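J.:
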Amino acid sequence: MVERETLLGRVVPHVVLLVGVCIVAFPVYLALLASTYDAATVQNGQMSLLPGSQMLENYERIIFSGARATTREPVGTMLLNSFLMALIIALGKIAISLISAYAIVFFRFPFRMAAFWLIFVTLMLPVEVRIYPTYKIVADLGLLDTYTGLTLPLIASATATLLFRQFFMTVPEELVEASKIDGAGPVRFFKDTLLPLSITTMAALFVIQFIYGWNQYLWPLLITTRDNMQTIVIGIKKMIVTQDALTEWQLAMATAVLALLPPVLVVVLMQKLFVKGLVETEK
Amino acid sequence: MERRALFGGKVLPYSLLLPQFAIVVVFFYVPAVQAVWQSMLMQDAFGISTEFVWFENYTILAANPEYYRTMGTTAVFSVLVAFLSLSSGLLLAVMADKQIKGATIYKTMLIWPYAVAPAVAGVLWLFMFQPSLGMLAKALRSWGIDWNPLLNGNHAMILVVLAATWKQISYNFLFFLAGLAAIPKSVIEAAAIDGARPMRRFWTIVFPLLSPTAFFLLTVNIVYVFFDTFGIIDSVTSGGPAGNTTTMVYKVYADGKLGSDLGGSAAQSVVLMAIVIALTAVQFKFVERRVQY
Amino acid sequence: MASVVLESVRKVYAGGVEAVKGISLTIPDGNFTVLLGPSGCGKSTLLRMIAGLEEISGGTVSIGGRTVNDVEPSERDIAMVFQNYALYPHMSVYDNMAYGLRNRGTPKDEIARRVADAARLLAIEPYLKRKPRALSGGQRQRVAMGRAIVREPAAFLFDEPLSNLDAKLRVQMRLEIRKLHNRLKATSIFVTHDQVEAMTLADQVVVMNGGRIEQVGTPLDIYRAPSSKFVATFIGSPAMNLVSGTVVSSDEVALADGSRLRFDAAIYAPGKGAKVEVGLRPEEAKVESAPGPQLPKLLCDVTEELGATRLLHGTLAGEAFVLALPSDAADPGRTIPVSASPANVHLFDVESGRSLRRSADV
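Residue numbers (my numbering), protein chains in the order written: chain A, 231 to 513; chain B, 741 to 1033; chain C, 5 to 366.
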């Protein structure tokens, strides 16, 4: 209570935060609204701020049959693709980062620091700067329009490796010594001691990487050519035909809602892990 | 980072590193080197023969006024998004840091846009400001503003800036909130006893103590604007109208996509790489400074 | 300088927890008062209410005759030294000390003079240009004190300022704080859970427990005439022994094993047959050379050698008991006949734990 409890001091934070929350929520609310109206109402800009009556029809149509104008792929398939991509990327990143960080922190071998730097430098090579050569490699390997091609190049992650490295450094050395005295080798130590200790870190990382994977845009845009390999984030963009009055906005907005719902739910429901993951990956 | 208690052996650690290495080499280092190599090659108009031209692609790039325009667009875009999202994130964090009822609910209600894909965020904003049917576009028209982001470059820029800012506020909010929580309460109390009124306290104590967080966020925001906003730009404007919202990353994509100028596109990639490396270096300097407080 | 007067001060938190339950206390001008108690006893909350960092739920706080309940911390004319020092990490030592004066619009040369004086007094002149992170714990502590001194406040408030220092430095700073007080003669309120700090620093000790005052008095009063079992066992190390007994005559109490101890009838007048708890300090229990039929016996099972004293742990009349002897005393064996001067035997009510003195409020 450093400040006196004035009425103004009490009200201002609430007002500012409420305005903030409204601004943040408004675009999504509008999308939600649009997804409950019929095409004509939306097309003519006659939506009100209250929901319409077409919600079930719109969502049913989009999930099971898809939009008319461009892609005919049902959004259900896209959701499945997005989900698989996010899951594979998140789990894959955790798995390979976990073991490589384990090697770097707990072993001494020639070129250990070189190995560390080799991974570290990839931080400076985001997919956007090496995009066509990477595309060509994936194409040459025959991985276009496959889940492998979609996910494998995104699985290597310096951030995840650095995060595990940082966490492993906080594991007391006495624990390794105690395990050695108890007769545990490196594999046992990893399985029985390190893995159980890393659960929270892995969970936090999973939350962040799932969102990262779900929201990928540029890479799937290049790698997927067949409609049935499309992710929902790509699918929604293809439903918008900027110059064309044919855009079915009510369906596009229903798709937008479906596209943002899973990652947003992950953030809201696993807020603690999300915050932990976000703050720690940036250290 | 040296540790005493370590395991020996060579086969195990190398095989543990193998999966990561295989991916990193095949999908990171080889393409990066190829990008550099490609940037020194030039194809003829029919794509039949390829010639090694040293730095000609770069000199062409350096002489291209369009490329400078792209740089200018990127700069304007970055400055606006970074300024808007940092300042509103800070304002909201300062308010949420006060001990008020429902602070945790506000927090939840403010952080979720982080999870929205940039492309989806772009579509949401496009829908609101779509000139013929967007709810806010209609409001603007009724106030006499001839709003049309599909034709007017400034309007298009405003729209992508708003969408990009909207998505980034939650990130900045969260980090500023953590930064505020890390300031010992007793330091604020000491300042109150030392006679500093709330505003003065904010500018002389809180803000200086937040500056490491702010610097860190600035570099992160710039990286975000450079790379992660690709989805926003592609879904809202596709770089248009007339290239008014084409950022450097978007140009790499667009030039390469048409397939006509792979060398020029690669040269642009290399320029971008240099920028990322510089940003990372700057970030590390500030991260080190941050540890000292 | 000014006196600080608390009248029925209460603190109730939003959740309904009452941290301070009606405290009235006068701290005279120039007095060094120590608020002593275990953690959670409300002592820090009380100090923070005096400082204005915590809202006062009931009662009044006045400083120098002015009620300050609704006065901003900065207008209360107090200075505070925090447990973690709360130095401004981004300012130099000089700026840390000058900040409060600048906020008050003190002229520049006046600030320079006061900071120089305080720096000389605290021997921190060489560090004025440094940032806090470049200082050791003891130096930071001095800067925190300097920041308080330059303000020349009506009262100094200390919130466990020595608890972050290592043992050696703590003893040294304790002495310096007392010396400083002797020079400046400023009204000071010092919160601690360390009885040694309280005994060595205070003019007046206020022992607190569960949001209430247990006893107020000089350090010696508190040691010699504890007003309750709580105070008796909180002050003194090792803690006072407590053994249950029954009053058998106007100056004798019988323990469970039938042995007896004499008390001073001029101090205590318990009813005959009353159940009491008998208190005896380890350093005030005496070893008798020969066993007597009515002398309590300590059955010693462990001995701790501390260098200057030796502690004999065991049971007496079936209850845990400690006896402190000078190390050069002869080994008394395993079964030790114990006695005490009647003036050193304390009696407490079994139910309330209050002392059974004739004027227990002393």
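For each residue, glycine too, the CB sits at the ideal point set by N, CA and C.
Since the model is a prediction, treat every value here as computed from it, not as a measurement.
Beta carbon of V282 of chain C, beta carbon of V247 of chain C: below 7 Å?
T.: Working through the third sequence from its first residue, we reach residue 282 of chain C at position 278. Working through the third sequence from its first residue, we reach residue 247 of chain C at position 243. Yes, these two residues count as a Cβ contact at 7 Å.
J.: Compute the Euclidean distance between the alpha carbons of M399 of chain A and K506 of chain A, then round it to the nearest angstrom.
T.: In the first sequence, residue 399 of chain A corresponds to position 169, counting from 1. In the first sequence, residue 506 of chain A corresponds to position 276, counting from 1. Using only the alpha carbons, I get a separation of about 17 Å.
J.: Less than 8 Å between the CB atoms is what I'm expecting for A328 of chain C and E287 of chain C, so what's the real figure, rounded?
T.: Residue mapping note: residue 328 of chain C aligns to position 324 of the third sequence, counting from 1. Residue mapping note: residue 287 of chain C aligns to position 283 of the third sequence, counting from 1. About 4 Å; that satisfies the 8 Å criterion.
J.: Buried or exposed, going by whether 16 or more other CB atoms sit within 10 Å of the CB of E218 of chain C?
T.: Position 214 of the third sequence, counted from the first residue, corresponds to residue 218 of chain C. So E218 of chain C ends up on the buried side.
J.: Hey, could you find the ends of the alpha helix (DSSP H) M897 of chain B is sitting in?
T.: Counting from 1 along the second sequence, the entry for residue 897 of chain B is found at position 157. Where M897 of chain B is concerned, the enclosing alpha helix (DSSP H) stretches over 893 to 921.
J.: Just the Cα atoms here: how many angstroms apart are A486 of chain A and G465 of chain A?
T.: In the first sequence, counting from the first residue as 1, residue 486 of chain A sits at position 256. In the first sequence, counting from the first residue as 1, residue 465 of chain A sits at position 235. Approximately 10 Å between the Cα atoms of the pair.
J.: When you compare only the Cα positions, how much space is there between F531 of chain A and F747 of chain B?
T.: For residue 531 of chain A there is no data in the structure shown, the boundaries of chain A being 231 and 513.
J.: Using only alpha-carbon positions, find the residue among B:F761, B:S825, B:V976, B:A843 that is nearest to I326 of chain A.
T.: Looking up residue 326 of chain A in the first sequence gives position 96. Minimum Cα distance to I326 of chain A is reached at B:F761.
J.: Listed in chain order, which residues of the segment 433 to 448 of chain A have Cβ atoms closer than 9 Å to some Cβ of chain B?
T.: Cβ contacts with chain B: I441, W444, N445, Q446, Y447, L448.
J.: Let me see if you follow: with CB-CB separation under 7 Å, is I923 of chain B close to chain A or not?
T.: Looking up residue 923 of chain B in the second sequence gives position 183. Answer no: the Cβ-Cβ gap between I923 of chain B and chain A never drops below 7 Å.
J.: What's the call for Q364 of chain A, buried or exposed, on a 16-neighbour Cβ count within 10 Å?
T.: The residue you call residue 364 of chain A lines up with position 134 of the first sequence. The identity of residue 364 of chain A in the sequence shown is Thr, whereas the question assumes Gln. By the 10 Å Cβ count, T364 of chain A comes out buried.
J.: Kindly list the residues whose CB is nearer than 7 Å to the CB of L126 of chain C, restricted to its own chain and excluding five residues on each side of it in sequence; keep chain order.
T.: Residue mapping note: residue 126 of chain C aligns to position 122 of the third sequence, counting from 1. Closer than 7 Å at Cβ, skipping near neighbours: R146, M149, G150.
J.: Give the residues from the segment 820 to 851 of chain B that approach chain A closer than 7 Å (Cβ to any Cβ), ordered along the chain.
T.: The residues in question are L831, L832, M835, A836, K838, I840, Y846, T848, M849, L850, I851.
J.: On a Cα-Cα basis, can you pick out the residue from C:G221, C:E164, C:V75, C:K183 that is closest to L29 of chain C?
T.: Here residue 29 of chain C corresponds to residue number 25 of the third sequence, with the count starting at 1. Looking at the Cα atoms, C:G221 is the closest of the given residues.
J.: Confirm, please, whether the CB-CB distance from A102 of chain C to I115 of chain C is below 7 Å.
T.: The count along the third sequence starts at 1 and reaches residue 115 of chain C at position 111. The count along the third sequence starts at 1 and reaches residue 102 of chain C at position 98. Yes. Within cutoff.
J.: Please report how far the alpha carbon of I840 of chain B lies from the alpha carbon of M95 of chain C, in whole angstroms.
T.: Taking the first residue of the second sequence as 1, we reach residue 840 of chain B at position 100. Taking the first residue of the third sequence as 1, we reach residue 95 of chain C at position 91. Going from the Cα of I840 of chain B to the Cα of M95 of chain C covers about 30 Å.
J.: Grab me the residues of V272 of chain A's own chain with a C-beta within less than 7 Å of its C-beta, minus the 5 sequence neighbours each way, in chain order.
T.: Residue mapping note: residue 272 of chain A aligns to position 42 of the first sequence, counting from 1. Contacts found: A264, W479, Q480.
J.: Determine whether the Cβ of Y1033 of chain B lies closer than 7 Å to any Cβ atom of chain C.
T.: Numbered from 1 along the second sequence, position 293 holds the residue referred to as residue 1033 of chain B. Per-residue confidence for Y1033 of chain B stands at a pLDDT of 42, beneath the threshold of 50, marking its modelled position as unreliable; the derived number appears in the next sentence. Taking Cβ atoms only, chain C reaches closer than 7 Å to Y1033 of chain B, which makes this a yes.
J.: Here's the rule: buried if 16 or more other CB atoms are within 10 angstroms of the residue's CB, otherwise exposed. What is P805 of chain B?
T.: Indexing the second sequence from 1 puts residue 805 of chain B at position 65. Per the 10 Å Cβ criterion, exposed.
J.: Within its chain, find whatever has a CB closer than 7 Å to the CB of H185 of chain C; leave out the 5 residues flanking it on each side and keep chain order.
T.: Counting from 1 along the third sequence, the entry for residue 185 of chain C is found at position 181. Closer than 7 Å at the Cβ level, and outside the excluded window around H185 of chain C, lie F36, S192.
J.: What residues of chain A sit near T1020 of chain B, judged by a beta carbon separation below 9 Å?
T.: The sequence position of residue 1020 of chain B within the second sequence is 280, counting from 1. Under the 9 Å cutoff, chain A gives L353, M354.
J.: Roughly how far, in whole angstroms, is the beta-carbon of A321 of chain C from the beta-carbon of P300 of chain C, given that I think they are within contact range, below 8 Å?
T.: The residue given as residue 321 of chain C occupies position 317 in the third sequence. The residue given as residue 300 of chain C occupies position 296 in the third sequence. Yes, A321 of chain C and P300 of chain C are in contact; Cβ-Cβ is about 6 Å, under 8 Å.
J.: What number of angstroms, rounded off, separates the C-alpha of I293 of chain A from the C-alpha of L309 of chain A?
T.: For the purposes of this step, residue 293 of chain A is identified with residue 63 of the first sequence, where counting begins at 1. For the purposes of this step, residue 309 of chain A is identified with residue 79 of the first sequence, where counting begins at 1. Going from the Cα of I293 of chain A to the Cα of L309 of chain A covers about 9 Å.
J.: Does the beta carbon of V927 of chain B come closer than 7 Å to any beta carbon on chain C?
T.: Translated into the one-based positions of the second sequence, residue 927 of chain B becomes position 187. Judged by the 7 Å Cβ criterion, V927 of chain B is in contact with chain C.
J.: In whole angstroms, what is the alpha-carbon distance linking A1021 of chain B and T511 of chain A?
T.: Taking the first residue of the second sequence as 1, we reach residue 1021 of chain B at position 281. Taking the first residue of the first sequence as 1, we reach residue 511 of chain A at position 281. Taking the straight line joining both Cα atoms gives about 17 Å.
J.: Just list the beta strand (DSSP E) runs in the segment 399 to 446 of chain A, keeping only unbroken ones of 3 residues or longer that don't cross its boundaries, in chain order.
T.: With a minimum length of 3 residues, no continuous beta strand (DSSP E) run stays inside the segment 399 to 446 of chain A.
J.: Using CA coordinates, which residue listed in A:S330, A:L260, A:G282, A:R342 is at the minimum distance from A270 of chain A?
T.: The residue labelled residue 270 of chain A in the question sits at position 40 within the first sequence. It is A:G282.
J.: Locate the alpha helix (DSSP H) running through S183 of chain C, then write down its first and last residues.
T.: Indexing the third sequence from 1 puts residue 183 of chain C at position 179. Residue identity differs from the one stated: residue 183 of chain C is Lys in this sequence, not Ser. Its alpha helix (DSSP H) spans residues 171 to 188.
J.: Rounded to a whole number of angstroms, what is the C-alpha to C-alpha distance between F339 of chain A and L756 of chain B?
T.: The residue given as residue 339 of chain A occupies position 109 in the first sequence. The residue given as residue 756 of chain B occupies position 16 in the second sequence. Answer to the nearest angstrom: the Cα atoms are 12 Å apart.
J.: When the Cα atoms are used, what is the spatial distance from T376 of chain A to A369 of chain A?
T.: Looking up residue 376 of chain A in the first sequence gives position 146. Looking up residue 369 of chain A in the first sequence gives position 139. Their backbone Cα atoms lie some 10 Å apart in a straight line.
J.: Could you tell me which of A:P426, A:A386, A:I253 sits nearest to L758 of chain B, measuring between CA atoms?
T.: On the second sequence, residue 758 of chain B is found 18 positions in, with the first residue counted as 1. Nearest of A:P426, A:A386, A:I253 to L758 of chain B, Cα basis: A:A386.
J.: How about L495 of chain A and A433 of chain A: are their beta carbons less than 7 Å apart?
T.: Here residue 495 of chain A is taken as the residue at index 265 of the first sequence, counted from 1. Here residue 433 of chain A is taken as the residue at index 203 of the first sequence, counted from 1. Result no, Cβ atoms of L495 of chain A and A433 of chain A do not sit closer than 7 Å.
J.: Return no unless some Cβ of chain D is closer than 7 Å to the Cβ of F792 of chain B.
T.: Absence of chain D from the displayed structure is noted, the protein chains being A, B and C.
J.: Around the Cβ of W943 of chain B, are there at least 16 other Cβ atoms within 10 angstroms (buried) or fewer (exposed)?
T.: The residue labelled residue 943 of chain B in the question sits at position 203 within the second sequence. Answer is exposed; the Cβ neighbour count stays below 16.
J.: Confirm, please, whether the CB-CB distance from L452 of chain A to V860 of chain B is below 7 Å.
T.: By one-based count along the second sequence, residue 860 of chain B stands at place 120. By one-based count along the first sequence, residue 452 of chain A stands at place 222. Their beta carbons are not under 7 Å apart, which means V860 of chain B does not touch L452 of chain A by this criterion.
J.: Taking only beta-carbon positions, decide if P281 of chain A is within less than 7 Å of chain B.
T.: Translated into positions along the first sequence, residue 281 of chain A becomes position 51. Judged by the 7 Å Cβ criterion, P281 of chain A is not in contact with chain B.
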